[in-house]
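Colleague:
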DNA sequence: ATCACAAAGTGTATTTTTTACACTTATTAT
DNA sequence: ATAATAAGTGTAAAAAATACACTTTGTGAT
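Chains as they are written, first to last, in the working numbering: chain A, 20 to 252; chain B, 20 to 252.
Printed below as a string of structure tokens:
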């Protein structure tokens, strides 16, 4: 059934893939999106969604394509994480993987399993199954990066809806940093950065004082980073 | 003269390379190590030392091999920087490059040009020639990373000899961060981290008060990072 | 309509960290 | 002996981080 192989080179080449570490947030805890593999190797095991880089796409484009193809997620925060190149990281042959990490508002997307994928499911970060390939290492690297990054770049928003309350945002920071944060100090600090805009809207149908909605002011943030200003939480 | 191509695959594959951004320090300013290319493309142009990843080496190992082969440098601080995958970044064919950055005590090594390389030379960061491929982009990325990193990880040492004075170390920080630092505040801070060990040795033959030598205490640093402690300059 | 409940929202005092700043000391060359 | 040079050192003021508790507001139950 297989056709003759067709692409030949003077030197042997590793195969090149990308894998995506996708974080979501569920009000209380951080979640990770995994897919169940349809084929060998690691058939029926959980893995990060990944795939091979095409000749006409950058690795960034590849990561975004895979995100969409294998999980249905698109237009989210994606950033290059690390390139993993251990010689035996794939049992089939030499595959080098450029990993990416994504931050997703998990309620925005209906998960849809795609090509080579049986299903896509959210898992608790604290309770992950054993993963295929070296994907556990990738996840560990991604969590470290996320922790480091969240403290000096306002990316917490990316895990929430367009509009959110400060308490929700604080929850994101607490989940990522794995520590309690003082409410008053958090609000003082996050508002002082100047990238949050209070909306003319409050929560509805809650059996308590309704919280104010905020949104992320991308323009203000761009101006800040261009001036080279950092903040710290 | 060329033999028949020998390695064939079912799907086309990009070629995979690494390139090294190598920083040195010369008492006053940051330097970058460039090599002059012996062959096309970009023959006789300055470029970062780079080369193709072999099937039996990780990209880290590849970067270290290239460093040694093309410049004579070995056993230095090397860290993965970023993977560049623009489709036309190499005029010959699709090549994806995993870049690394290295910090070197430039006086420790006799530069030696190697394979495919006419010469290796240190350049002022502020006065670089036009570089081959997308190497200017790599350098820009590396400088940003270095600036960010130096403030929360003690890597300034890597640009100096085994033993160094606090004034030399301050010079490294000033060169990287491109700003003047107050001498007393710098000393207070850098010593408070607890990774510098005062040696029983001073400068000799200087027409002024001789400065105390210090060395970097790797053991103390390891303990600190394991406890997850960061510092900031 | 009143009350109980729940989370939103808010200010200040204390501690810690960062910053700004100038003179004395040690060594060599003249 | 003296001049020249960079090393080395402490303190006060300002800014930032931290610790901490009560009032407000909207809903649901009675």
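Where is the CB? At the ideal position from N, CA and C, for every residue including glycine.
Since this is a predicted model, take the numbers as computed values, not measurements.
#1: Using a beta-carbon distance cut-off of less than 8 Å, what residues from the segment 96 to 113 of chain A approach chain B?
#2: For residue 228 of chain A and residue 131 of chain A, what's the separation of their Cα atoms in angstroms?
#3: Pull up the distance between the alpha-carbon of residue 56 of chain B and that of residue 151 of chain B, whole angstroms please.
#4: Given a limit of 8 Å on CB to CB distance, which residues of the segment 55 to 79 of chain B reach chain A?
#5: Check the Cβ of residue 35 of chain A against every Cβ in chain B and list those closer than 9 Å, keeping chain order.
#6: Taking Cβ-Cβ distances shorter than 7 Å, what residues in chain B pair up with residue 119 of chain A?
#7: Please decide whether residue 240 of chain B counts as near chain A, where near means a Cβ-Cβ distance under 9 Å.
#8: Show which residues of chain A have a CB atom less than 7 Å away from the CB atom of residue 155 of chain B.
#9: Take residue 137 of chain A as the anchor and find which of A:101, A:67, A:33, A:243 has the nearest alpha-carbon.
#10: Do three or more CB pairs link the segment 198 to 213 of chain B to the segment 157 to 164 of chain B at distances below 8 Å?
#11: Check whether the Cβ of residue 25 of chain A lies closer than 9 Å to any Cβ atom in chain B.
#12: Going along chain B in order, which residues have a C-beta closer than 7 Å to the C-beta of residue 83 of chain A?
#13: What are the boundary residues of the beta strand (DSSP E) that residue 140 of chain B is part of?
#14: Which partner residues does residue 56 of chain B have in the DSSP bridge list?
#15: Is it true that the CB of residue 97 of chain B sits closer than 9 Å to the CB of residue 83 of chain B?
#16: By the 10 Å Cβ neighbour count, where 16 or more other Cβ atoms means buried, how is residue 113 of chain B classified, buried or exposed?
#17: Taking residue 195 of chain A as the reference, give the member of A:184, A:165, A:205, A:185 with the closest Cα.
#18: The alpha helix (DSSP H) that contains residue 78 of chain B, what's its start and end?
#19: To the nearest angstrom, report how far apart residue 39 of chain A and residue 26 of chain B are at their CA atoms.
#20: Please check the pair residue 111 of chain B and residue 60 of chain B, which I expect to be a contact at CB under 8 Å, by giving their CB distance rounded to whole angstroms.
#21: Could you please tell me which residues of the segment 175 to 197 of chain A, in chain order, have their CB closer than 7 Å to any CB of chain B?
#22: Rounded to the nearest angstrom, what separates residue 181 of chain A and residue 197 of chain B at their Cα positions?
#23: Measuring alpha carbon to alpha carbon, tell me which residue in A:95, A:251, A:240 is nearest residue 207 of chain A.
#24: Starting from the beta carbon of residue 163 of chain A, find every residue of chain B whose beta carbon is closer than 9 Å, and list them in chain order.
#25: In chain B, which residues lie less than 7 Å from residue 88 of chain A when you measure between Cβ atoms?
#26: Pick from A:186, A:244, A:217: whose alpha carbon is nearest that of residue 203 of chain A?
#27: According to the Cβ coordinates, are residue 232 of chain A and residue 176 of chain A closer than 9 Å?
#28: Taking 9 Å as the CB-CB limit, is residue 129 of chain B close to chain A?
#29: Over the uninterrupted alpha helix (DSSP H) stretch that includes residue 187 of chain A, give me the two end residues.
#30: According to DSSP, is residue 67 of chain A part of a helix, a strand, or is it coil?
#31: Is the separation between the beta-carbon of residue 123 of chain A and that of residue 95 of chain A shorter than 9 Å?
#32: Going by C-alpha distance, which of A:241, A:93, A:139, A:119 is nearest residue 64 of chain A?
Modeller: In short:
#1: Under the 8 Å Cβ criterion, the segment 96 to 113 of chain A contributes 99, 101, 102, 104, 105, 106, 113.
#2: One-based indexing of the first chain puts residue 228 of chain A at position 209. One-based indexing of the first chain puts residue 131 of chain A at position 112. Cα to Cα, the separation comes out at about 37 Å.
#3: Stepping through the second chain from its first residue, residue 56 of chain B is reached at position 37. Stepping through the second chain from its first residue, residue 151 of chain B is reached at position 132. Each residue's alpha carbon lies about 9 Å from the other.
#4: Residues 71, 72, 74, 75, 76, 77, 78, 79.
#5: Indexing the first chain from 1 puts residue 35 of chain A at position 16. The answer, in chain order, is 32, 33, 35, 104, 115.
#6: Along the first chain, one-based indexing puts residue 119 of chain A at 100. Correct list: empty, because the minimum Cβ distance to chain B is about 10 Å.
#7: Locating residue 240 of chain B in the second chain gives position 221, where the first residue counts as 1. With a threshold of 9 Å between beta carbons, residue 240 of chain B makes no contact with chain A.
#8: Residue 155 of chain B sits at position 136 when you count from the first residue of the second chain. Those do not exist, as residue 155 of chain B stays about 18 Å from chain A at its closest Cβ, beyond 7 Å.
#9: Stepping through the first chain from its first residue, residue 137 of chain A is reached at position 118. Sorting A:101, A:67, A:33, A:243 by C-alpha distance to the C-alpha of residue 137 of chain A places A:67 at the top.
#10: Result no; under three Cβ-Cβ pairs closer than 8 Å.
#11: By one-based count along the first chain, residue 25 of chain A stands at place 6. At least one chain B Cβ lies under 9 Å of residue 25 of chain A.
#12: Translated into the one-based positions of the first chain, residue 83 of chain A becomes position 64. One finds nothing in chain B with a Cβ atom closer than 7 Å to the Cβ of residue 83 of chain A; even the nearest lies about 13 Å away.
#13: Start at 1 with the first residue of the second chain, and residue 140 of chain B comes out as number 121. Bounds of the beta strand (DSSP E) holding residue 140 of chain B are 136 to 143.
#14: For the purposes of this step, residue 56 of chain B is identified with residue 37 of the second chain, where counting begins at 1. Listed as beta-bridge partners of residue 56 of chain B by DSSP are B:136.
#15: Locating residue 83 of chain B in the second chain gives position 64, where the first residue counts as 1. Locating residue 97 of chain B in the second chain gives position 78, where the first residue counts as 1. Yes, they are a contact pair.
#16: Taking the first residue of the second chain as position 1, residue 113 of chain B is located at position 94. By the 16-neighbour rule on beta-carbons within 10 angstroms, residue 113 of chain B is buried.
#17: Locating residue 195 of chain A in the first chain gives position 176, where the first residue counts as 1. The candidate whose alpha carbon is nearest that of residue 195 of chain A is A:165.
#18: In the second chain, counting from the first residue as 1, residue 78 of chain B sits at position 59. Taken as a continuous stretch (DSSP letters only), the alpha helix (DSSP H) holding residue 78 of chain B covers 78 to 90.
#19: Within the first chain, numbered from 1, the residue matching residue 39 of chain A stands at position 20. Within the second chain, numbered from 1, the residue matching residue 26 of chain B stands at position 7. Answer to the nearest angstrom: the Cα atoms are 29 Å apart.
#20: For the purposes of this step, residue 111 of chain B is identified with residue 92 of the second chain, where counting begins at 1. For the purposes of this step, residue 60 of chain B is identified with residue 41 of the second chain, where counting begins at 1. So it is a contact: roughly 6 Å between Cβ atoms.
#21: Against chain B - using a Cβ distance shorter than 7 Å - the segment 175 to 197 of chain A contributes no residues.
#22: Position 162 of the first chain, counting from 1, holds the residue named residue 181 of chain A. Position 178 of the second chain, counting from 1, holds the residue named residue 197 of chain B. Those two C-alpha atoms are separated by around 38 Å.
#23: Locating residue 207 of chain A in the first chain gives position 188, counting from the first residue. Of A:95, A:251, A:240, the residue nearest in Cα terms is A:251.
#24: What you label residue 163 of chain A is simply residue 144 of the first chain in a count that begins at 1. Listed along chain B is no residue with a C-beta nearer than 9 Å to that of residue 163 of chain A; the closest approach is about 10 Å.
#25: In the first chain, residue 88 of chain A corresponds to position 69, counting from 1. One finds nothing in chain B with a Cβ atom closer than 7 Å to the Cβ of residue 88 of chain A; even the nearest lies about 16 Å away.
#26: In the first chain, the residue the question calls residue 203 of chain A occupies position 184. The option with the nearest alpha carbon to residue 203 of chain A is A:186.
#27: Walking along the first chain from the start, residue 232 of chain A turns up at place 213. Walking along the first chain from the start, residue 176 of chain A turns up at place 157. For residue 232 of chain A and residue 176 of chain A, no; Cβs fall outside 9 Å.
#28: As a first step, residue 129 of chain B is located in the second chain; it is residue number 110 there, counting from the start. No - not a single Cβ of chain A is within 9 Å of the one on residue 129 of chain B.
#29: In the first chain, residue 187 of chain A corresponds to position 168, counting from 1. First-last of the alpha helix (DSSP H) with residue 187 of chain A: 185 to 196.
#30: Counting from one through the first chain, the residue named residue 67 of chain A turns up at place 48. Residue state, collapsed to three classes: coil.
#31: Locating residue 123 of chain A in the first chain gives position 104, counting from the first residue. Locating residue 95 of chain A in the first chain gives position 76, counting from the first residue. In contact: residue 123 of chain A and residue 95 of chain A (Cβ atoms closer than 9 Å).
#32: The count along the first chain starts at 1 and reaches residue 64 of chain A at position 45. Checking every option, the nearest Cα to that of residue 64 of chain A belongs to A:139.
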